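Just so we're aligned: 157 in full-length UniProt numbering is position 157 of the sequence shown, and the numbers increase by one with no gaps anywhere.
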Amino acid sequence: MNKVLSKKGLTVCLAIAVIVIVVGAFLAGFLGYNPDGTHQNYSVVEVTDAGYSASDAQDEFVAFCKDEISKTYAVTDVKVTQSYTTGTSVFTYYVNGTPDRAFCDQLETAIAGCTIEGVNGALASVTFHEGTNLSYSDYAWRTAVGAAVAFVLLFVYVAIRFRLGMGVSVLIAGVHDVALLLALAAIVRLPVSPAFAGIAAIVLLLSALLNLYVFGRMRSDLRTDEFKAKSAEEAVADSVRNARPTVLVVALSVAAVAVILGVVGAFTGIDLTFAMVAAVIGIALATYSSLVLSPAVYALIKKKWDAKRAENAKYNYASDKKKKESKPAEAAGELE
Numbered sequence: 001m002n003k004v005l006s007k008k009g010l011t012v013c014l015a016i017a018v019i020v021i022v023v024g025a026f027l028a029g030f031l032g033y034n035p036d037g038t039h040q041n042y043s044v045v046e047v048t049d050a051g052y053s054a055s056d057a058q059d060e061f062v063a064f065c066k067d068e069i070s071k072t073y074a075v076t077d078v079k080v081t082q083s084y085t086t087g088t089s090v091f092t093y094y095v096n097g098t099p100d101r102a103f104c105d106q107l108e109t110a111i112a113g114c115t116i117e118g119v120n121g122a123l124a125s126v127t128f129h130e131g132t133n134l135s136y137s138d139y140a141w142r143t144a145v146g147a148a149v150a151f152v153l154l155f156v157y158v159a160i161r162f163r164l165g166m167g168v169s170v171l172i173a174g175v176h177d178v179a180l181l182l183a184l185a186a187i188v189r190l191p192v193s194p195a196f197a198g199i200a201a202i203v204l205l206l207s208a209l210l211n212l213y214v215f216g217r218m219r220s221d222l223r224t225d226e227f228k229a230k231s232a233e234e235a236v237a238d239s240v241r242n243a244r245p246t247v248l249v250v251a252l253s254v255a256a257v258a259v260i261l262g263v264v265g266a267f268t269g270i271d272l273t274f275a276m277v278a279a280v281i282g283i284a285l286a287t288y289s290s291l292v293l294s295p296a297v298y299a300l301i302k303k304k305w306d307a308k309r310a311e312n313a314k315y316n317y318a319s320d321k322k323k324k325e326s327k328p329a330e331a332a333g334e335l336e
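Listed below in structure tokens is the structure:
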């Protein structure tokens, strides 16, 4: 651990991180991020039922509309929104293709002629519109911007609550985690979608919590006489060693949940699986930054501050000694 916390060890760790980030930035710049195939631009057909319908009749009406739409366009998803105050229901059908007004008129005619008990098709209206999702790169860069803001706030909190050097260490670790997560997503070609931004937010929260725990434990340890007698690298290394079991238990528990969800996603939706792969990568980064990177940065800062403090103490001691020695001479001069 002391080798990693040394200036040379920190330089090697940061150099490797920079290389990975540069490669990821190159791939993202020239190839872009790998798009999530389940998150494409979409067209929507909305059927608004202004008449109140019982749940059984409503289910039958939804199925009827879906069958009518499916004669022309493939329906990929259906969402139902109901206002209990007005009794109006909106059935949103996501379709492959681009409906037009003529199709909507044709669907309204079919709905008006339906014979579903409890449904008045004449009160239904049909509209359509096209939706455009953000580009996949936008999700990645918005994640970076949001993370940057979050870690600046975290830096201010840690610097005030703990120490300025700890705040700087957490800030560097946060930028490191976000940049590497984005770079690795580009390198291993993970699909990027809104789920990626959500996973990144969870990973950043985990990184913040782990770093806060490590530095909270370190602050308590450094106040003891035992740790005050140690060098900066030894004190930080021993404190991290004390905090390591708890950090690993938390990280492994969260990673286990992510793996389980990833296995479930393999049977229910591939985008969930890829999201959990991103989560496992992020958890590994958060664990590494809290146990290695941020302590190494703080050890370097503490070493310099301890040397500066020792130099100031030596200077103050010499100054005080000189003043004490000059006082008898001044007193003797006054007597003469």
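Where a beta carbon is used, it is the ideal one built from N, C-alpha and C, also for glycine.
None of these values were measured; they are calculated from a predicted model.
Give the DSSP bridge partners of residue i, in chain order.
| i | result |
| --- | --- |
| Lys79 | Thr92 |
| His129 | Val44 |
| Asp49 | Ser89 and Ala124 |
| Ala74 | Asn96 |
Can you tell me whether residue i is buried or exposed? The criterion is at least 16 other CB atoms within 10 Å of its CB, across all chains shown.
| i | result |
| --- | --- |
| Leu31 | exposed |
| Ile111 | buried |
| Lys228 | exposed |
| Thr143 | buried |
| Ile172 | buried |
| Leu204 | buried |
| Phe267 | exposed |
| Thr81 | exposed |
| Ser193 | buried |
| Val12 | exposed |
Can you give the Cα-Cα distance for residue i and residue j, rounded to whole angstroms?
| i | j | result |
| --- | --- | --- |
| Leu335 | Ser231 | Per-residue confidence for Leu335 stands at a pLDDT of 46, beneath the threshold of 50, marking its modelled position as unreliable; the derived number appears in the next sentence. Taking the straight line from one Cα to the other gives about 49 Å. |
| Arg163 | Ala299 | 13 Å |
| Lys8 | Val18 | 15 Å |
| Ser253 | Ile187 | 26 Å |
| Ala150 | Ile199 | 15 Å |
| Pro191 | Val250 | 27 Å |
| Pro295 | Leu261 | 31 Å |
| Ala201 | Arg189 | 19 Å |
| Leu14 | Val126 | 58 Å |
| Val22 | Tyr33 | 15 Å |
| Lys303 | Glu226 | 17 Å |
| Leu272 | Arg309 | 52 Å |
| Ile16 | Thr76 | 44 Å |
With hydrogens ignored, establish whether the beta-carbon of residue i is closer than 7 Å to any heavy atom of the ligand HEM.
| i | result |
| --- | --- |
| Gly282 | As far as ligands go, the structure on display features none, and thus does not contain the ligand HEM. |
Using a Cβ-Cβ cut-off of 7 Å (strictly less than) and excluding sequence neighbours within five positions of residue i, which residues of its own chain qualify?
| i | result |
| --- | --- |
| Lys79 | Thr92 |
| Arg217 | Ser239, Asn242 and Ala243 |
| Asp306 | Ala232 |
| Tyr73 | Val95, Asn96, Gly97 and Pro99 |
| Ala57 | Ile116, Glu117, Gly118 and Val119 |
| Cys114 | Phe64 and Gly121 |
By Cβ distance below 8 Å, which residues in the same chain neighbour residue i in space, the five residues on each side in sequence not counted?
| i | result |
| --- | --- |
| Cys65 | Val47, Phe91, Tyr93, Leu107 and Ile111 |
| Ser43 | Tyr73, Tyr94, Val95, Asn96, Gly97, Thr98, Pro99, Phe128, His129, Glu130 and Gly131 |
Leaving out the 5 sequence neighbours to the left and right, which residues in its chain are closer than 6 Å to residue i when beta-carbon positions are compared?
| i | result |
| --- | --- |
| Phe128 | Val45, Pro99 and Cys104 |
Fill in: Sufficient close CB pairs (3 or more, under 8 Å) joining the segment 147 to 161 to the segment 277 to 291
no
Item to complete: State whether the segment 58 to 78 contacts the segment 91 to 104, with contact taken as three or more CB pairs (one from each stretch) at a distance under 8 Å.
Response: yes
Worksheet item: Quick check: the segment 66 to 78 against the segment 95 to 108, are there 3 or more CB pairs under 8 Å?
Response: yes
Discussion item. Under 8 Å: do the segment 272 to 289 and the segment 180 to 197 share three or more Cβ pairs, one atom per stretch?
Written reply: yes
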